[in-house]
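Each residue of the sequence shown is one higher than the last, beginning at 878 in my numbering.
Following: one structure in structure tokens, then a few remarks.
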Amino acid sequence: MKDNLDTNLTMEMALGIALAYKKKYKLSGDIHSERNITYYKEFDDVNGPVWLVLVDIEPNDFFAENEYTIVISDKEADVKYIIDPNGHVFTPHLV
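Written out as structure tokens, the structure is:
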């Protein structure tokens, strides 16, 4: 389905970027399947298309959701930021 889109990255490449980022910054959670990866032509304030990768985490009373989102720029082939389980932007690579 995603293969016929005009993208710089494939779904598999976006998954690889997300997994490498999780490992490098020691982030918790699991990406269970390709259904957790979605392409958007535009998103938020990112310049150009993005891949959103949902990462499932253990339920916690302090979190509104049981997942966080890794936002990957299709143009730059790099993580722009994370949307944490409470909807806040988080950038471990800038800390």
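Ideal placement from N, C-alpha and C gives every residue a C-beta, glycine not left out.
Between M888 and K952, what straight-line distance do the alpha-carbon atoms span, to the nearest angstrom?
-> In a straight line, the C-alpha of M888 is about 14 Å away from that of K952.
Element boundaries [beta strand (DSSP E), containing E944] = Run containing E944: 944–950, per the beta strand (DSSP E) assignment.
Classify I959 as helix, strand or coil using the three-state DSSP reduction.
-> Here I959 carries a strand assignment [DSSP, helix/strand/coil].
My understanding is that A891 touches I914, with C-beta atoms under 8 Å, so please give their C-beta distance in whole angstroms.
-> Going by Cβ atoms, the distance from A891 to I914 rounds to 6 Å, so yes, they are a contact pair.
If you follow the alpha helix (DSSP H) that Y916 is part of, which residue opens it and which one closes it?
-> Run containing Y916: none in the alpha helix (DSSP H); it sits in the beta strand (DSSP E), 914–917.
Three-way DSSP call (helix, strand, coil) for L892 in this model = It is helical.
Assign Y917 to one of two classes, buried (16 or more other C-beta atoms within 10 Å of its C-beta) or exposed (fewer than that).
-> When all chains shown are included, Y917 counts as exposed.
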